[in-house]
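Residue numbers (my numbering): 422 to 906.
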């Protein structure tokens, strides 16, 4: 048994470390939130049945190369916040955690260092920005939701969306597209002063020529595609194409995260048709990304869910007898009476349930392994069963950042008491969105403004490459490793 483990570890080490002789320039990470392999199968069958083309395949199909085990640090069933954060930072974390080190518990699946609890961890997107690459986030939820937030903010509570929004704004992402108008409103003047265009509808989106913009097309999340007004709100594929067009102008490359966010939301609602349509819309965005990558020949595209949701299955108690005789029409014809999401038409649920052959096990998340699909211009592709933190490692190896992530964490997120030992710190955290840290040093007043990228010395503004994070759980500001004095 020991020999077998050694051989497996050696093979894994060899495969991962033989990658990346020639470094990748651009990375597109695509996450269909809450998508299980069962939903992938259902979506493919649905489209074959709908079009009558039984040779139809999904854009991901030629590139599926393995499975991903995506967990929390202390539980086998994942949550979008820690799993998205793990892809960004390489560190498994707990439910609700946004790109921070987890607290140690008595049921951890991985070895956890209790001394690092709540430590913000540098993300791939932040590292890309510091390396001179353009950065982008494209989603169908509000930009402060768990997956997009994990790219450019740090906190222990994914629901603290005002805090996450402020951090994301001051992290200076080049392109953000999705929902979340209500979270950006307090920061519009700042964004405009930094040269960003703010887009609220499809016309402005189509006409925008800027290289820096936030497109927020709804107060919170976008509507399900089955409910959407396509004259007012761009599709995920359209947003992905627009983002790639802008970001690819940077000669240093780009890092883009695309999330099919509402797949998960529909699955939580046990709304099979809405979930299928959301995944097929995500699939169109995948097609856009891979078409670009195939022409560019210097772009890595990774498609991987963060967890499963609802335990959706092609088969339920109505298929116990005669399951092998059920036709595609019997599976999908009952869905044709549905023209809106069940969120809008909840009464329809009972009618659908009576005739449906599609089953669910839960209203929550599920812990099965997930698909991994990768396009690489030189076919340097991971295969077999991969852990979620190994997806992060694969990206860093391909782009040449094997040692950069820890270095960036050390450079950007130093506990204030380590940066200024033996100096009295005055913390004002009555306003959790705008906490401050004040020092009086040799007659000078230094103030760090939490959730922003700046401090002042005697009223004069000093900007940093990274943001300032405050964690009230341990009363600690995490500061750039650069003393103002």
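Even for Gly, the Cβ is constructed at its ideal location relative to N, Cα and C.
Please read these numbers as outputs of a predicted model, since none were measured by experiment.
With DSSP run on the structure shown, which of helix, strand or coil describes residue i?
{"i": "residue 683", "result": "helix"}
{"i": "residue 430", "result": "Here residue 430 scores only 48 on pLDDT, less than 50, and its place in the model is too uncertain to base an answer on."}
{"i": "residue 470", "result": "helix"}
{"i": "residue 501", "result": "helix"}
{"i": "residue 700", "result": "helix"}
{"i": "residue 755", "result": "helix"}
{"i": "residue 516", "result": "coil"}
{"i": "residue 436", "result": "Low per-residue confidence applies at residue 436: pLDDT is 49, beneath 50, and the placement is therefore not dependable, though the value from the model is reported in the following sentence. If DSSP states are grouped into helix, strand and coil, residue 436 belongs with the helices."}
{"i": "residue 865", "result": "strand"}
{"i": "residue 891", "result": "strand"}
{"i": "residue 603", "result": "helix"}
{"i": "residue 713", "result": "helix"}
{"i": "residue 586", "result": "helix"}
{"i": "residue 796", "result": "strand"}
{"i": "residue 639", "result": "coil"}
{"i": "residue 749", "result": "helix"}
{"i": "residue 897", "result": "strand"}
{"i": "residue 593", "result": "coil"}
{"i": "residue 730", "result": "strand"}
Shortest alpha-carbon distance to residue i belongs to which of the options?
{"i": "residue 755", "options": "779, 793, 622", "result": "779"}
{"i": "residue 723", "options": "444, 448, 443", "result": "448"}
{"i": "residue 526", "options": "552, 557, 493", "result": "493"}
{"i": "residue 883", "options": "766, 906, 895, 541", "result": "906"}
{"i": "residue 762", "options": "826, 812, 802, 688", "result": "688"}
{"i": "residue 893", "options": "452, 857, 903, 758", "result": "857"}
{"i": "residue 728", "options": "508, 476, 705, 485", "result": "508"}
{"i": "residue 747", "options": "731, 777, 716", "result": "777"}
{"i": "residue 539", "options": "897, 565, 666", "result": "897"}
{"i": "residue 575", "options": "880, 904, 854", "result": "854"}
{"i": "residue 671", "options": "903, 783, 904, 446", "result": "446"}
Label residue i either buried or exposed according to how many other C-beta atoms from any shown protein chain fall within 10 Å of its C-beta, with 16 as the threshold for buried.
{"i": "residue 626", "result": "buried"}
{"i": "residue 804", "result": "exposed"}
{"i": "residue 635", "result": "buried"}
{"i": "residue 511", "result": "buried"}
{"i": "residue 637", "result": "buried"}
{"i": "residue 700", "result": "buried"}
{"i": "residue 839", "result": "exposed"}
{"i": "residue 703", "result": "buried"}
{"i": "residue 650", "result": "exposed"}
{"i": "residue 615", "result": "exposed"}
So the beta strand (DSSP E) residue i belongs to, where does it begin and stop?
{"i": "residue 490", "result": "485-490"}
{"i": "residue 528", "result": "Per DSSP, residue 528 belongs to no beta strand (DSSP E) and is neither H nor E."}
{"i": "residue 629", "result": "Premise fails: residue 629 is in no beta strand (DSSP E) and is neither H nor E."}
{"i": "residue 556", "result": "555-563"}
{"i": "residue 447", "result": "447-452"}
{"i": "residue 840", "result": "Unbroken run through residue 840 is the alpha helix (DSSP H), 837-840; no beta strand (DSSP E)."}
{"i": "residue 620", "result": "618-620"}
Along the alpha helix (DSSP H) that carries residue i, what are the first and last residues, could you check?
{"i": "residue 833", "result": "825-833"}
{"i": "residue 661", "result": "657-668"}
{"i": "residue 551", "result": "545-551"}
{"i": "residue 612", "result": "609-614"}
Given 8 Å, three or more beta-carbon pairs between the region 730-738 and the region 832-847: no
Contact between the region 532-541 and the region 555-565 (3+ Cβ pairs under 8 Å): no
Contact the region 464-483 vs the region 703-714: 3+ CB pairs below 8 Å: Touching, yes.
The region 454-473 / the region 842-855 touching (three or more Cβ pairs under 8 Å): As far as the Cβ criterion goes, the region 454-473 does not touch the region 842-855, which means the pair count is below three.
contact_flag[the region 765-776, the region 454-465] where n(CB pairs < 8 Å) is 3 or more: no
Three CB pairs or more closer than 8 Å across the region 541-552 and the region 598-613: Contact between the region 541-552 and the region 598-613 is absent: fewer than three C-beta pairs spanning the two stretches fall below 8 Å.
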